[in-house]
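Top line first, the protein sequences correspond to chains B and H.
Each residue of the first sequence is one higher than the one before, counting from 1277 in my numbering.
Each residue of the second sequence is one higher than the one before, counting from 4 in my numbering.
Note that beta-carbon positions come from the ideal geometry of N, C-alpha and C, so glycine has one too.
This report refers to the structure that appears directly beneath it.
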Amino acid sequence: MTWIWLRALATRRTGRLLATAAGIAIAVALFASLGSFLMASKATMTERAAGSVAVDWQVEVKSPDRLAEVLQQVSATPGTQQALPVGYADTSGLSARVGGTSQTTGPGQVLGVPRGYDQVFPGSIRSLAGATEGALVAQQTAANLHVQPGDVVSIGRAGLPAVSVTVEGVVELPQADSLFQDVAAPPQSQPVSPPDNVVLLPRAVFLDAFRPLAAARPDLVSTQIHVRRTHALPSDPSAAFAAVSGSARNVEAATSGAGIVGDNLGAALDAAREDALYSQVLFLFLGAPGAVLAAGLSATVSASGAGRRRREQALLRLRGASNAQLRRLVSLEAVATAGLGGLIGLVAAVGIGTFGLGGLGPLGSDFGTTVLASLGWAGLALLLGLDIAVAVIWLPARRDLKHTSTVGALRTVSSGARPVWLRYGLDIALLVAALAVFWVTSRNKYALVLAPEGVQTISVNYWAFLAPGLGWLGAGLLSWRLCDVVLDRGRRLVARALRPAAGTLATTASSMMARQRRTIAGSAVLIGLALAFAMSTATFNATYRQQAEVDAQLTNGADVAVTESPGSETPPAAGDRLRSVPGVRAVEPLQHRYAYVGADLQDLYGVDARTIGDATSLQDAYFQGGSATQLLSRLAARPDSVLVSAETVLDYQLKTGDLIRLRLQDARTTTSTTVPFHYVGIVNEFPTAPKDSFLVANASYIATQTGSDAVGTFLVDTAGSNSSAIAAKVQSIVGTDARVTDITQSRGQVGSSLTSVDLSGLSRIELLFALLIVTASGGLVTGLGLTERRRSLAIAGALGASPAQLRRLTVGEPAFVILAGLLAGALTGWGLSQLLVKILTGVFDPPPTHLSVPWAYVGVAVTCTVLSVAGAAALVGRRTRMHARDELREL
Amino acid sequence: MGSDRRTGTPHPPSVTYRRPPLVAAVQVSRTFGAGRRAVVAVHGATCTIEPDARIAISGVSGSGKSTLLHLFAGLDQPTSGSLEWPAQDHGGAPGSYDVATVFQGASLIPSLTARENAALPLVLQGIGQGIAEDRADLALTDLGVGGFGGKLPEELSGGQAQRVAVARAVATSPRLILADEPTGQLDHRAAQRVVDVLLHTADRLGAALVVSTHDPQVAHRLVTPWRMHQGRLDTHLDEPSCRRS
Ligand SMILES: Nc1ncnc2c1ncn2[C@@H]1O[C@H](COP(=O)(O)OP(=O)(O)O)[C@@H](O)[C@H]1O
Ligand SMILES: [Mg+2]
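Put into structure tokens, the structure is as follows:
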């Protein structure tokens, strides 16, 4: 009997079986592709984080006589590839006599660097001029002392005579922050900025020069062991962080405190794991509704065949099948459907993986952990498919078996009792709860992902999921209720609305719809939620891209930025040559100076407030207490206005209009002069400005007060296109005097937020599936719903209805489903987009001031809905007319 | 009726006051499927249905009664032979104005009430919903199910549903009523009542009535007995020669 029944299932219910399996396949494919994407992007994050570090560990040796021991221990630690000792010494000051004038600097640092250091740690030292070995001075120091290769610099030693060295090269230290970190100190008490004056000496020279100082003042001389570690790390940032920081602690324990590890690699991975967790949260936020919808699709399809299945069960029972046998058959059906759907889904996921993401599929080329994890994801996805099958086939069938008599099962239309939730207003309650939860979670200082620096545990505020989850459910149920009310109580209204299309048959059509309102409302809600999913996902993605672009602009300054070398005296007029480059829309000079606010050295930017907006985008979020336009016009209103950071306002208790005196360097006297400014507003972010405190003032005022209109950076607007090509042309004009960067470079840079992770893969998957779900819901649900009513149409045809009349009888249902679905989708989608962007606000840097709605995509989604529903209705209608004669036999 | 059939001579052209027959079938066959699996449901049926006919078609299940009635109604087309409706303007297939069918099975639309079901053919003819429902109510009352107008088919018993189906057929005032085993689901008394209504309505409307049945008691109430046997139609049961054989 099992075999016969399975064959009957495959032949008589092919359509429904395939449709149910299709829903499961969508869920499985979505889950598997998102999973593999997540895995791949985590691996990229680990790789990028590790790649950004030049010196993986800086092990501070506490007492000089244990250097050998610690070096041995560090070298023996698994994962260490190279370990080199580096000397650190404080100098009391540097001086040089060049061309008859003598320059001196304040205190600085001298490093003793072993031979081959820059090969072991590529990226740690960048040569600007002269040799790469020997006595090297940092660029800033060279500028301060006016020295170049060949000049002599004398290095002051506290309490001892100075030593002189001949400069062999000028270098830049790109990772000076970590190089000069205080290894033993916690993050919050690190030096504010690296030393201005740095000299690098060969280790032998260094030892000769500073051994006496070490003897006299051991506090001024120390040794670090710089370590290169393997970058073959676990692909998950959290696991990689745990592995690296574990080894670091091992070293500290093994040397019993003689060596303290400054774990640069661990710190980079620490930041990356927060990003990884964010992307995981995104995966859940954006993927879960898709999977739920796909399951809903399967459920609706399966439920649309429930009547038929009940009748079949009743007939089987009449023929003597026992309950146990029927249950076995149903289990078999569920497993068969899940298997079929799972298989299709996994094949689709592999296809998407290879074609959509460039080889990052679940069975990607990277063996080892990747394959294992891929298989894990595939297994999870299959399990999800089985769960859905159980929920949509097995559970309802079992309920039927328990609660319906044979006779009752032969009925076709369910009784009119309203669902319990409808009577108790569950939908409203859910929506209110969603808003309440949202209010509570976003009111307190809210962080979606909690990743305390350096701490192993990292957590997600899963409460944040509650609001959109409840909102989803509530919106779905409310839409259902509204459809139900309109179709039932509003029958007259529906009839009147149908009159133009259905003519005299409007009343009959509306009556038929009223009696089928459960199914129709179900279809409309499913389509509405699918559309909402598509819309909110697309809006989130578009907003995310918009913010990433804003972030890139913020970092680079504009589409193209021309940064003059420090100390150059480029006048604003130099911008004219750039304006003539084809494709350049605007060029704005941006002054960059340093100013003392009290004892605090801050970056100061001089702008022309009226025109700065032409060359770069200034978001309202950059400012506080008004829009970008408002604050810029406040700045322009007085020549001596200044915008300062919120922190400075707090530190100095500033009120609008307050006088602030800034100390600036005067170009004429090369001494610092005090310039009065008036505080007019708060600026949080500004193109090219650092994350911490800085100032923005009027360029013309700064020029007159300091006697120099030298430009720091030219911001070049290319209207967003061809940035790289234009940058190349600009570079050929300015030559090597200035550094030209374009926005495409900063787009790829690793920042501290997720914006750095390229979400395009994720969004492609999401958007594809959203469209798929929208189309499938529209087509399948409408098609199967109308198929169930084929008999009714056959009867009407036998009673003399013409094909045109049959069309008029059926036009109402798809029309209503489309209209209600679009309406529900638009409203829910709008609400969800708002909620998503608010909740995931930590993902955005800077936070968006407005949502970016991708109208083209929304248009495609709406078109897909309309076409699939209308198409399915037309197809079913045609088939009904063609097969009306076969139906006659059963009349 | 049928004097021509008895004498075997054609009409003299001068006799024009006679109404033409509603259905004229010559060697009509209906075959389902093809090849070895073909089923000949109706095999070379020749007959006419006069405007005042009262015909009972009897035969066992599967003998082709339903197929023949569907052919008469124009819901199905013969695979061979000629089938005409001479009373129609062009002799073509009749509309629902003229022929009403009571189907054998449950043929009510599940999502419409009894009243709406009965009114549907009228609405399809373009009659306003209100008037159509009033006429449907009258027909329902005639058949003793007037109190069930607001009920959905699933809330009716099989017999009640069958009577609603009959009401739906007669509500349109057709010229030919085709009833396919209309009493199949009914007990004796209810069956007689349905036949009463069918006969009464046919008389009142001046319509022809064809009822298929396997119940001899029902068959006896109609004047002309026809028989179906394995797809072959025998219309000569009332002739002495046939009775003898
Ligand atoms: N649509 C159809 N397709 C195939 N065979 C059919 C169809 N309708 C009727 N038949 C066959 O034609 C024969 C006559 O059927 P039917 O007219 O329903 O008989 P009755 O109404 O006398 O029971 C049966 O053998 C039946 O199986
Ligand atoms: Mg029959």
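- Task: Provide the residue span of the beta strand (DSSP E) that contains I1431 (chain B), from first to last.
- Result: 1428-1433
- CB contact check: I2094 (chain B) to chain H, cutoff 9 Å: no
- Message: When you compare the segment 1378-1393 of chain B with the segment 1474-1492 of chain B, are there three or more beta-carbon pairs, one atom per stretch, that lie closer than 8 Å?
- Response: yes
- Run through DSSP, which three-state label would A1409 (chain B) get? Just to set this straight, residue 1409 (chain B) is Glu in the shown sequence, not Ala. Coil.
- Message: Just verifying my parser: in three-state terms, what is the DSSP assignment at S1812 (chain B)?
- Response: helix
- Stretch-stretch touch, CB-based, cutoff 8 Å, three pairs: the segment 1754-1768 of chain B with the segment 2067-2087 of chain B: no
- From the DSSP output, read off the bridge partner residues of G1388 (chain B). B:G1363, B:L1477
- Task: Identify, in the order they occur along the chain, each residue of the same chain with its Cβ nearer than 8 Å to the Cβ of P1847 (chain B), setting aside the five sequence neighbours on each side.
- Result: D1985, A1986, V1987
- Counting pairs of Cβ atoms below 8 Å between the segment 183-192 of chain H and the segment 103-116 of chain H, do you hit three or more? yes
- If R1504 (chain B) sits next to Q1357 (chain B), beta carbons under 8 Å apart, how far is it from one beta carbon to the other, in whole angstroms? 5 Å
- Item | Proximity winner among B:G1745, B:V1447, B:L1558, relative to F1313 (chain B) (alpha-carbon distances) | B:L1558
- Where V167 (chain H) falls: helix, strand or coil (DSSP): helix
- State buried or exposed for S2144 (chain B), treating a residue as buried only when at least 16 other CB atoms are found within 10 Å of its CB. buried
- Report the neighbours of Q132 (chain H) on chain B: residues whose CB is nearer than 8 Å to its CB, in chain order. T1780, T1783, T1784
- Message: Given a cut-off of 9 Å on the beta-carbon distance, is the pair R1342 (chain B) and T1531 (chain B) in contact?
- Response: yes
- Check whether the Cβ atoms of L1605 (chain B) and A1597 (chain B) lie closer than 9 Å to each other. yes
- Query: Would you say the beta carbon of E184 (chain H) comes nearer than 8 Å to a heavy atom of ligand 2?
  - Reply: yes
- Task: Could you please tell me which residues of the segment 30-51 of chain H, in chain order, have their CB closer than 8 Å to any CB of chain B?
- Result: none
- Query: If contact means a Cβ-Cβ distance below 7 Å, which residues of the segment 1791-1803 of chain B contact chain H?
  - Reply: R1791, Q1792
- Could you check the C-alpha separation between A117 (chain H) and L2075 (chain B) for me, to the nearest Å? 15 Å
- Item | S1498 (chain B) - partner residues in DSSP beta bridges | B:Y1364
- Which residues have their C-beta within less than 5 Å of a heavy atom of ligand 1, listed in chain order? B:R2165, H:F35, H:V42, H:A44, H:S64, H:G65, H:S66, H:G67, H:K68, H:S69, H:T70
- Query: By the criterion of Cβ-Cβ separation under 9 Å, what are the contact partners of Q1589 (chain B) in chain H?
  - Reply: By Cβ distance, chain H contributes nothing, its closest Cβ being about 18 Å from Q1589 (chain B), past 9 Å.
- Would you tell me roughly how many angstroms separate the C-alpha atoms of N2226 (chain B) and T1946 (chain B), rounded to the nearest one? Nothing in the structure corresponds to residue 2226 (chain B), since chain B is present only between 1277 and 2167.
- Query: Counting along the chain, where does the beta strand (DSSP E) carrying V1954 (chain B) start and finish?
  - Reply: Val is not the amino acid found at residue 1954 (chain B); the sequence shown has His there. H1954 (chain B) -> beta strand (DSSP E) spans 1948-1959.
- Item | Simplified DSSP assignment, three categories, for Q1457 (chain B) | coil
- Query: How long is the line joining the alpha carbons of L225 (chain H) and V169 (chain H), rounded to whole angstroms?
  - Reply: 17 Å
- Alpha carbon of K154 (chain H) to alpha carbon of R1791 (chain B), nearest angstrom: 12 Å
- Residue ranges of each alpha helix (DSSP H) within the segment 1991-2019 of chain B, 4 or longer: 1999-2010
- Beta-ladder partner(s) of H232 (chain H), from DSSP: H:R235
- Query: With DSSP run on the structure shown, which of helix, strand or coil describes V1918 (chain B)?
  - Reply: strand
- Query: Does P1776 (chain B) get closer than 9 Å to chain H when you measure Cβ to Cβ?
  - Reply: no
- How should V1577 (chain B) be labelled, buried or exposed, when 16 other C-beta atoms within 10 angstroms of its C-beta is the threshold for buried? buried
- Query: Taking any Cβ of chain H, which residues in the segment 2071-2082 of chain B have a Cβ under 9 Å from it, in chain order?
  - Reply: I2071, A2072, G2073, A2074, L2075, G2076, A2077, S2078, Q2081
- Taking 8 Å as the line, does the beta carbon of Q1 (chain H) fall inside it for any heavy atom of ligand 2? Residue 1 (chain H) lies beyond the residue range present for chain H, which begins at 4 and ends at 248; the question has no answer from this structure.
- Bridge partner(s) assigned by DSSP for L1938 (chain B): B:V1951
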